[in-house]
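Notes for the one structure printed next.
2 protein chains.
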Amino acid sequence: MTATARSRRKTLQVNGIEDSPRGKVLSAAASLFREQGYERTTVRDIAARVGIQSGSLFHHFASKEEILKAVMIDVIRFNTERLQHAVAAAPGTRAKLRALIECELQSIIGDTREAMAVLVYSWAALSPANQKDVLGLRSVYEQVWLDVLTAARKEGLIDVEPFVLRRLLTGAISWSNTWYDPQGPMSIAQLVDTVLGMAIRPSKEC
Amino acid sequence: MTATARSRRKTLQVNGIEDSPRGKVLSAAASLFREQGYERTTVRDIAARVGIQSGSLFHHFASKEEILKAVMIDVIRFNTERLQHAVAAAPGTRAKLRALIECELQSIIGDTREAMAVLVYSWAALSPANQKDVLGLRSVYEQVWLDVLTAARKEGLIDVEPFVLRRLLTGAISWSNTWYDPQGPMSIAQLVDTVLGMAIRPSKEC
DNA sequence: TGCCAGACCAAGCGCTTGCTTGGTAGTGTA
DNA sequence: TACACTACCAAGCAAGCGCTTGGTCTGGCA
Numbered sequence: 003m004t005a006t007a008r009s010r011r012k013t014l015q016v017n018g019i020e021d022s023p024r025g026k027v028l029s030a031a032a033s034l035f036r037e038q039g040y041e042r043t044t045v046r047d048i049a050a051r052v053g054i055q056s057g058s059l060f061h062h063f064a065s066k067e068e069i070l071k072a073v074m075i076d077v078i079r080f081n082t083e084r085l086q087h088a089v090a091a092a093p094g095t096r097a098k099l100r101a102l103i104e105c106e107l108q109s110i111i112g113d114t115r116e117a118m119a120v121l122v123y124s125w126a127a128l129s130p131a132n133q134k135d136v137l138g139l140r141s142v143y144e145q146v147w148l149d150v151l152t153a154a155r156k157e158g159l160i161d162v163e164p165f166v167l168r169r170l171l172t173g174a175i176s177w178s179n180t181w182y183d184p185q186g187p188m189s190i191a192q193l194v195d196t197v198l199g200m201a202i203r204p205s206k207e208c
Numbered sequence: 003m004t005a006t007a008r009s010r011r012k013t014l015q016v017n018g019i020e021d022s023p024r025g026k027v028l029s030a031a032a033s034l035f036r037e038q039g040y041e042r043t044t045v046r047d048i049a050a051r052v053g054i055q056s057g058s059l060f061h062h063f064a065s066k067e068e069i070l071k072a073v074m075i076d077v078i079r080f081n082t083e084r085l086q087h088a089v090a091a092a093p094g095t096r097a098k099l100r101a102l103i104e105c106e107l108q109s110i111i112g113d114t115r116e117a118m119a120v121l122v123y124s125w126a127a128l129s130p131a132n133q134k135d136v137l138g139l140r141s142v143y144e145q146v147w148l149d150v151l152t153a154a155r156k157e158g159l160i161d162v163e164p165f166v167l168r169r170l171l172t173g174a175i176s177w178s179n180t181w182y183d184p185q186g187p188m189s190i191a192q193l194v195d196t197v198l199g200m201a202i203r204p205s206k207e208c
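Note that the protein sequences, when read in sequence, are chains A and B.
The first sequence maps to residues 3 to 208 in the working numbering.
The second sequence maps to residues 3 to 208 in the working numbering.
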């Protein structure tokens with residue numbers, strides 16, 4: 003890609019990260035962290051993918067862990083915003099629930115796939131203090147889910163305690179990044195419906 | 003613990019691993035890999051927990067990765083056997099399905115919790131050749147699941163394609179090791195029923 | 001009693017790691 | 001022209017890593 007072409011595409015990259023020098027580092031780091039894990043990825047790997055020297059990374063980030071944290075924060079912010087919009091736009095509780103599932107699947111197997119995998123698999127690499135910071139943002143995201151699930155329960159749409167259901171769905175959905183193939187025979191919409199079918203109270207489906 | 007007490011408990015430890023010198027290393031390694039991840043755990047950490055020098059580890063294992071591989075293989079063998087027995091003992095397809103879920107939850111939040119977490123989170127640390135070896139064993143385990151799910155579908159007990167359902171359940175179940183607390187308000191039996199309720203065809207529950 | 005094999009120690013090698021340092025090129029502003 | 005600022009390079013340091021080496025101790029068997 004030429005420098006001109008690169009500077010023209012200036013808003014969002016593959017995973018909701020800007021095309022600034024900083025953004026390019028985050029984008030490269032997210033891919034590498036996903037491919038090899040955080041610890042197996044060296045700062046030299048990241049620098050090489052960006053096309054700079056390893057020392058130059060520290061002009062943009064104070065430490066390797068700051069890069070990891072920034073990847074996580076960016077992807078949570080991006081996905082929280084998307085989730086909130088999708089829920090606001092959906093007409094009823096059932097539609098809101100479907101929107102949540104669709105949104106989260108989109109995050110995990112679609113545009114923010116790389117960074118989301120990092121969030122799950124490299125969590126333990128963050129220091130406790132940084133974990134706490136990231137969890138704070140994460141809880142906003144989770145609250146959107148819990149509000150809808152609580153409403154769904156009041157309406158008798160679901161049978162299971164919202165906290166428990168949310169956690170089972172988190173697992174089912176996030177695991178899909180290990181197997182789901184967008185080019186495969188199953189469409190995302192089909193997968194959304196399947197997951198929705200698992201979540202919703204049996205009798206409401208008859 | 004005295005040496006006498008240790009040698010008396012001679013068969014299985016916390017995670018289905020023997021109480022030989024080799025077994026003690028595997029047991030310590032499983033805990034540490036789970037607590038800190040594979041890469042962040044040094045051979046010195048493992049040796050210290052066992053109470054030997056780091057170099058002495060290499061009298062029992064050729065490399066650090068061999069330790070990881072051995073942890074994975076042992077836990078898969080142990081759980082495959084348990085799964086097979088549980089399925090054989092269950093009377094009908096519905097009972098077999100319930101047994102599968104119960105067994106897997108037991109593996110993940112019960113006795114082999116540590117090693118199972120390692121299996122999920124440190125997978126990428128294995129070389130491709132070792133991944134292939136471990137996958138070979140894993141496929142035996144998965145086949146037990148698929149056989150039951152295929153039968154369940156023929157009987158109209160489930161609605162979803164076995165492959166897809168298995169993967170959604172894998173995620174939902176394995177994620178529970180991040181949140182389920184055996185001392186908490188929810189019993190394992192309740193959790194099993196909840197998961198079973200999600201798997202089984204809606205109309206069959208009415 | 002002599003011997004051997006398994007289990008372990010003490011020391012350290014060679015390499016990679018995250019990160020620091022001192023300096024340079026290019027750009028915008030006054 | 002002078003200055004400031006951002007982005008970057010080239011070189012390398014100190015620490016920590018997986019693993020090796022040569023040797024010691026001990027229990028069991030011939």
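Just so you know, even glycine gets a beta-carbon here, dropped at the ideal spot from N, CA and C.
Because the structure is a prediction, the values reported are computed rather than measured.
Query	Result
Members of the stretch 136 to 160 of chain B that neighbour chain A once the beta carbon cut-off is set at 7 Å	none
Backbone CA spacing between residue 116 of chain A and residue 26 of chain A [nearest angstrom]	14 Å
Coil, strand or helix - residue 134 of chain B by DSSP	helix
Per-residue contacts from residue 200 of chain B into chain A (C-beta, under 7 Å)	170 and 200
Collapsed DSSP secondary structure at residue 177 of chain A in the structure displayed	helix
7 Å Cβ shell around residue 110 of chain B - same chain, five flanking residues per side excluded	118, 175, 176, 178 and 179
Closer than 6 Å: residue 194 of chain A CB and nearest the ligand PLP heavy atom	Although the ligand PLP was asked about, the structure shown includes no ligands whatsoever.
Environment of residue 201 of chain A [buried if 16+ CB atoms lie within 10 Å]	buried
Neighbour flag for residue 57 of chain A against chain B, beta carbons, 7 Å	no
Cβ neighbours of residue 164 of chain A in the same chain (closer than 7 Å, five flanking residues each side left out)	148, 151, 152 and 155
Proximity of residue 120 of chain B and residue 32 of chain B at Cβ, strictly below 7 Å	yes
Reduced DSSP secondary structure (H/G/I, E/B, other) of residue 203 of chain A	coil
Distance, residue 143 of chain B Cα to residue 102 of chain A Cα	32 Å
Of the residues A:45, A:52 and A:54, the one placed nearest residue 65 of chain A, counting alpha carbons only	A:45
Of the listed residues A:167, A:133 and A:171, nearest to residue 188 of chain B (C-alpha basis)	A:167
Rounded C-alpha distance that separates residue 52 of chain B from residue 71 of chain B	18 Å
Distance, residue 94 of chain B Cα to residue 95 of chain A Cα	37 Å
Where residue 51 of chain A meets chain B, residues with beta-carbon distance less than 9 Å	The contacting residues do not exist; residue 51 of chain A stays about 18 Å from chain B at best.
Residue-level contact to chain B via CB, residue 162 of chain A, 7 Å cutoff	yes
Of the listed residues A:181, A:92, A:199 and A:127, nearest to residue 112 of chain A (C-alpha basis)	A:181
Partner residues on chain B for residue 41 of chain A, Cβ-Cβ distance less than 9 Å	39, 40, 41, 42 and 127
Beta-carbon spacing of residue 136 of chain B, residue 74 of chain B below 7 Å	yes
Beta-carbon neighbours of residue 175 of chain A, restricted to chain B and to distances below 8 Å	173
Under 7 Å between C-beta atoms of residue 203 of chain B and residue 171 of chain B	no
Distance between beta carbons of residue 85 of chain B and residue 146 of chain B, contact taken as under 8 Å	5 Å
Length-filtered (3 minimum) beta strand (DSSP E) runs lying within the stretch 77 to 164 of chain A	none
Exposed unless 16 or more other CB atoms sit within 10 angstroms - verdict on residue 83 of chain A	exposed
Residue 39 of chain B versus residue 39 of chain A - alpha carbon distance	10 Å
Opening and closing residue of the alpha helix (DSSP H) in which residue 49 of chain B lies	45 to 52
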